[in-house]
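Enquirer: Heads up, the sequence shown stops at 307 in my numbering, and the numbers go up one at a time, no gaps. For every residue, glycine included, the Cβ atom is placed at its ideal position computed from N, Cα and C.
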Amino acid sequence: MAASQDKRIVLTGVSRGLGLVMAEGFISAGHTLHGCARSQDSVAELNKRFGSPHKFTAVDVADDESVARWARATLSALGGVDLLINNAALINRNAPLWEVSAQEFSDVVDVNVKGVANVIRHFVPAMLEEGTGVIVNFSSGWGRSASPEVAPYCATKWAVEGMTRALAQELPKGMAAVALNPGIVDTDMLRSCFGSSAGLYPDAEKWGRQAVDFILKISAKDNGEPLSVPR
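#1: Please go through the same chain and pick out, in chain order, the residues whose beta-carbon is closer than 6 Å to the beta-carbon of S142, but skip the five residues on each side of it.
#2: Where does P228 sit, in a helix, a strand or coil, going by DSSP?
#3: Take N194 as the anchor and find which of K233, A147, R220 and G155 has the nearest alpha-carbon.
#4: For R169, count neighbouring Cβ atoms within 10 angstroms of its own Cβ and tell me buried if that reaches 16, exposed if not.
#5: Within the continuous alpha helix (DSSP H) that includes K282, where are the two ends?
#6: On the three-state DSSP scale, how would you describe S304?
#7: Please state if the CB of V97 and the CB of I161 are separated by a distance shorter than 8 Å.
#8: The alpha helix (DSSP H) spanning K124 covers which residue range?
#9: Who are the Cβ neighbours of K297 in its own chain at under 8 Å, not counting the five residues just before and after it?
#10: Just to confirm, are G209 and V157 a CB contact at a threshold of 8 Å?
#11: Quick one: is A178 buried, meaning 16 or more other Cβ sit within 10 Å of its Cβ, or exposed?
#12: Work out the CA separation of R125 and A79 for me, nearest whole Å.
#13: Compare the beta carbon distance of N257 and S216 with 8 Å and say whether it is the shorter of the two.
#14: List in chain order: all unbroken beta strand (DSSP E) runs of 3+ residues lying wholly within the segment 172-238.
#15: From the DSSP output, which residues share a beta bridge with V157?
#16: Spatial neighbours of F181 within its chain, please: C-beta separation below 8 Å, excluding the five flanking residues on both sides.
#17: If you drop the 5 nearest sequence neighbours on each side, which residues of the same chain put their C-beta closer than 8 Å to that of L94?
#18: Would you mind giving the Cβ-Cβ distance between G101 and A138, rounded to the nearest angstrom? I have them listed as a contact below 8 Å.
#19: If we count the other Cβ atoms within 10 Å of its Cβ and call it buried at 16 or more, is R84 buried or exposed?
#20: Taking 8 Å as the limit between beta carbons, can you name the residues of its chain near M239, skipping five residues before and five after?
#21: My output table needs one value for T169: the three-state DSSP class, helix, strand or coil.
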């Protein structure tokens with residue numbers, strides 16, 4: 077494993093919201109980050125802003141082949157991964173479940189569940205070879221409770237919770253997989269649900285000051301635990 081002061085971190089959904097704040101925080105703390113997002117323009121901006129040894133790539137995590145190519149290039153550059161964070165996610169437009177189209181439901185599942193599995197499939201074997209590393213799968217308060225009009229999103233986050241607990245039981249001693257509830261944060265995603273009321277909650281920058289340090293401290297002793305970023 078890399079020295080504690082220089083972790084090799086892989087992060088999905090890096091271009092905005094919590095992902096961008098985490099990227100900024102990890103890099104500022106001296107860690108090496110490889111991240112992905114779907115937007116070519118966003119990753120170009122991030123590469124220009126941060127430069128080597130950090131690297132940002134346009135990847136749709138729902139596309140297994142795209143993830144496989146990204147993983148090969150990333151592992152070749154980093155030599156391994158100490159911290160793998162599945163943050164990329166979609167949320168459905170507010171609507172009763174019966175009004176959510178089949179396509180929209182599939183889109184949410186493809187990113188939030190299959191995307192997490194794709195990333196794990198292509199990165200975790202390298203972590204197993206080293207016998208160390210932490211996998212953090214972003215969940216939600218709606219992965220442990222439910223609300224109306226976001227049933228597809230709730231379903232995917234409950235799935236992340238179960239998938240992560242099962243994964244934790246498959247890992248060898250010395251590794252960890254945890255589902256992490258980030259808490260309620262004022263992001264574009266929250267505003268899609270809460271509207272202007274999202275402004276009542278901490279913004280992503282304030283959240284990041286607490287969350288980055290908390291995530292960096294997750295270790296093998298936390299394996300399988302449903303964690304939440306402290307308020």
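Expert: This is what the structure gives:
#1: So the list reads V135 and D136, once near-sequence residues are dropped.
#2: helix
#3: Between N194 and the set K233, A147, R220 and G155, the nearest pair of CA atoms involves A147.
#4: exposed
#5: Counting along the chain, the alpha helix (DSSP H) containing K282 begins and ends at A280 to L292.
#6: strand
#7: no
#8: It spans Q116 to F126 - the alpha helix (DSSP H) in which K124 sits, taken as one unbroken run.
#9: Cβ-Cβ distances below 8 Å link K297 to A252 in the same chain, with the five nearest sequence neighbours on each side left out; the list follows chain order.
#10: yes
#11: Looking at its Cβ environment, which holds fewer than 16 other Cβ atoms inside 10 Å, A178 is exposed.
#12: Here A79 scores only 41 on pLDDT, less than 50, and its place in the model should not be relied on; the value that follows carries that caveat. If I take the Cα positions, the gap works out to 25 Å.
#13: Against a cut-off of 8 Å, the Cβ pair of S216 and N257 comes out as a contact.
#14: 209-214
#15: Its beta-bridge partners do not exist; DSSP assigns none.
#16: Correct list, in chain order: N168 and P228.
#17: Around L94: N163, F214, P258, V261, T263, A280, W283, G284 and A287.
#18: So it is not a contact: roughly 26 Å between Cβ atoms.
#19: buried
#20: V189, V192, A193 and N213
#21: The question names Thr, but residue 169 in the sequence shown is Arg. Of the three classes helix, strand and coil, the one that applies to R169 here is coil, per DSSP.
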